[in-house]
Structure formats: structure tokens, C-alpha cells
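Chemist: In this note's numbering, the protein residues as written are 1 to 222. Quick one: the structure is below, and I'll ask about it shortly.
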Ligand SMILES: Nc1ncnc2c1ncn2[C@@H]1O[C@H](COP(=O)(O)OP(=O)(O)O)[C@@H](O)[C@H]1O
Ligand SMILES: [Mg+2]
């Protein structure tokens, strides 16, 4: 599903990833941990093809990202959802429109869009707030909205970058429970997180990065 072969990435001489290899199976749910600056965001962005590696290869759904033309990148991204650390909601658009935008950009007709958006909003418990503006939502609701936006297109892969960094323990657990539901529906999930609590709560495979290298790769101990 996701295969990373000896990937390195440097920013102006600063090493973000150093010879990283990693395999994530279809339907798996893994955590990416490591302190700030370890390379977690860089790795997610490479999988999303928002960046390209200096060295190494990345294969997602049997497609080698190095061989995908720039013009085909939007098609690749349709198979992936991304939850950003800093939400990136459209503040002047409604809850409904913030989710619908994912489908609009891929050219889905309005008639097909509505039921899909409402399904995604229902999953995250925001269907009653479809007409609200993001600024009127709590932090937990805003992150649930980001989740709805990321999964409305039924992605094969969901990438989440510290999705609970702005949330307390209870709201974080809600988000992780939702990520679990998404995973049970067949989506491969990769979550970068600082939260040791969440890692032990879900007990999934944990890949730990340190200074851009994989330091540990195994199932979390309780
Ligand atoms: N766009 C960028 N420009 C310059 N340096 C960057 C950029 N993105 C990441 N880095 C550097 O790469 C390293 C890894 O960063 P990052 O992937 O954001 O780590 P993490 O998400 O684990 O905190 C850090 O040293 C960071 O400063
Ligand atoms: Mg980061």
C-alpha cells in the first residue's frame, strides 16, 4: 500500500529524513512518533507528494511517485486524505461547503455531492451544524470537520499530522475513535502524533523517528 525505500530529504543542508525505509500494509493503522523536528511532517508530505525526496523511492497503491507526472498529481491525491495540524478550514464557507470543496475540486456533480457530504458530516457528528461557519465551532468540532473533509472522497489512505495537538485528552480520544472507525471501513491510516497516551490507548504499530531516521518500528507496549 505504502512503501518507502531509502528515502532522504534535505532542506538547505538541513537533514529532515535520512535513509528512511518503511512499509505500511493495506488497511493498517500506524503511528508516527518522535519529537519535534524528527521528520514526521516531512514523511507525510512526501507520501502525499507535496514534496519529492532527494533520494529513494515512494510507492503508494502500486504507483511509484517518482514516475507520476506533475499533471497527474491531483489524481493521485484523490486517493488520499490529509488532516493538517493547523486545520486550514475556509472561514467564510459553511461546514457543508468546507467538506464539499474536496468533491468540487474533483468535479463531482452537485447531485452526487450532497449525500456524500452529509454522510461524512454524520460520521463525525456535525450533520446538524451543516450551515454553521467554522468560527462558531469548538476546537474539537473543527478537527472533526477536518476529518470529514479528508474522508468524504473515501480515500484509500488517510494521513493525519498531529490531529489532536490542540485538543485535550477527552477530545483527542474522540478523534482517535473516529480514526479507528475510518480505518475499520478499510482506509489505511498513518497518524503523526506526540501523544504517548493515544499511542498506548489504540495499541497499533508505532514507528519512531529521531533526527530523520527510523529508531523503532513495532507494536506499542501497554
Ligand atoms: N520547508 C522546510 N524548510 C526548511 N526546513 C524544513 C522544512 N520542513 C522541515 N524542515 C526541517 O526538517 C526537519 C524535520 O521537520 P519536520 O518534518 O517538520 O519534523 P516533525 O514534523 O517531526 O516536527 C526539521 O529540522 C525542520 O526544521
Ligand atoms: Mg510536524
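Don't be surprised by glycine CBs; every beta carbon is placed ideally from N, CA and C.
Rounding to the nearest angstrom, what Cα-Cα distance links residue 23 and residue 8 in this structure?
Modeler: On the chain shown, residue 23 is found 23 positions in, with the first residue counted as 1. On the chain shown, residue 8 is found 8 positions in, with the first residue counted as 1. Those two C-alpha atoms are separated by around 15 Å.
Chemist: Relative to the alpha-carbon of residue 192, which residue among 139, 89 and 160 has its alpha-carbon at the smallest distance?
Modeler: Counting from one through the chain shown, the residue named residue 192 turns up at place 192. Cα-wise, what sits closest to residue 192 is 160.
Chemist: For the beta strand (DSSP E) containing residue 188, list its first residue and its last residue.
Modeler: Position 188 of the chain shown, counting from 1, holds the residue named residue 188. Looking at the DSSP string, the run of the beta strand (DSSP E) that includes residue 188 is 188 to 192.
Chemist: Beta-carbon within less than 7 Å of residue 46's beta-carbon, same chain only, minus the 5 sequence neighbours each way: which residues are those?
Modeler: Position 46 of the chain shown holds residue 46. So the qualifying residues of the chain are 7, 9, 53 and 58.
Chemist: Less than 7 Å between the C-beta atoms of residue 83 and residue 76, yes or no?
Modeler: Position 83 of the chain shown holds residue 83. Position 76 of the chain shown holds residue 76. It is not a contact, given that the beta carbons lie outside the stated cut-off.
Chemist: Apart from the five residues on each side of it in sequence, which residues of its chain come closer than 6 Å, Cβ to Cβ, to residue 216?
Modeler: What you label residue 216 is simply residue 216 of the chain shown in a count that begins at 1. Contacts found: 208.
Chemist: Along the alpha helix (DSSP H) that carries residue 181, what are the first and last residues, could you check?
Modeler: Walking along the chain shown from the start, residue 181 turns up at place 181. Looking at the DSSP string, the run of the alpha helix (DSSP H) that includes residue 181 is 169 to 184.
Chemist: Which first and last residues belong to the beta strand (DSSP E) in which residue 217 is found?
Modeler: Within the chain shown, numbered from 1, the residue matching residue 217 stands at position 217. Counting along the chain, the beta strand (DSSP E) containing residue 217 begins and ends at 213 to 219.
Chemist: Cα separation between residue 66 and residue 5?
Modeler: As a working note, residue 66 is residue 66 in the chain shown. As a working note, residue 5 is residue 5 in the chain shown. So the two alpha carbons sit approximately 12 Å from each other.
Chemist: Could you check the C-alpha separation between residue 169 and residue 179 for me, to the nearest Å?
Modeler: Locating residue 169 in the chain shown gives position 169, where the first residue counts as 1. Locating residue 179 in the chain shown gives position 179, where the first residue counts as 1. Their Cα atoms are separated by approximately 15 Å.
Chemist: Skipping 5 residues on each side, what residues in its chain have a beta carbon closer than 6 Å to that of residue 15?
Modeler: One-based indexing of the chain shown puts residue 15 at position 15. For residue 15, where only same-chain residues beyond five positions count, the Cβ hits under 6 Å are 212.
Chemist: Residue 28 lies in the alpha helix (DSSP H); which residues open and close that run?
Modeler: Against the chain shown, residue 28 aligns to sequence position 28. Here residue 28 belongs to no alpha helix (DSSP H), and DSSP marks it neither H nor E.
Chemist: Give, in chain order, every unbroken run of the beta strand (DSSP E) that is at least 3 residues long and sits entirely within the stretch 104 to 181.
Modeler: 157 to 161
Chemist: For residue 74, is the classification buried or exposed, using 16 other Cβ atoms within 10 angstroms of its Cβ as the cut-off for buried?
Modeler: Within the chain shown, residue 74 is the residue found at index 74, counting from 1. That one is exposed.
Chemist: In terms of residue numbering, what span does the alpha helix (DSSP H) encompassing residue 200 cover?
Modeler: For the purposes of this step, residue 200 is identified with residue 200 of the chain shown, where counting begins at 1. Residue 200 -> alpha helix (DSSP H) spans 196 to 202.
Chemist: Whether or not the stretch 172 to 191 and the stretch 127 to 139 are in contact is what I'm after, with contact meaning three or more pairs of Cβ atoms, one per stretch, closer than 8 Å; do they touch?
Modeler: no
Chemist: If you drop the 5 nearest sequence neighbours on each side, which residues of the same chain put their C-beta closer than 8 Å to that of residue 104?
Modeler: Start at 1 with the first residue of the chain shown, and residue 104 comes out as number 104. Excluding residues within five positions, the ones whose Cβ falls inside 8 Å are 113.
Chemist: Relative to ligand 1, is the shortest distance from any of its heavy atoms to the C-beta of residue 100 smaller than 6 Å?
Modeler: Start at 1 with the first residue of the chain shown, and residue 100 comes out as number 100. Answer for residue 100: no, Cβ out of range of ligand 1.
Chemist: Is the distance from the Cβ of residue 148 to the Cβ of residue 120 below 7 Å?
Modeler: Indexing the chain shown from 1 puts residue 148 at position 148. Indexing the chain shown from 1 puts residue 120 at position 120. Closer than 7 Å, so yes.
Chemist: Any heavy atom of ligand 2 closer than 6 Å to the Cβ of residue 104?
Modeler: Here residue 104 refers to the residue found at position 104 when the chain shown is read from its first residue. No, the beta carbon of residue 104 sits no closer than 6 Å to any heavy atom of ligand 2.
Chemist: Helix, strand or coil for residue 93 per DSSP?
Modeler: If you number the chain shown from 1, residue 93 lands on position 93. Residue 93 falls in the coil class under three-state DSSP.
Chemist: Would the beta-carbon of residue 206 fall within 7 Å of that of residue 199?
Modeler: Within the chain shown, the letter at position 206 stands for residue 206. Within the chain shown, the letter at position 199 stands for residue 199. Their beta carbons are under 7 Å apart, which means residue 206 touches residue 199 by this criterion.
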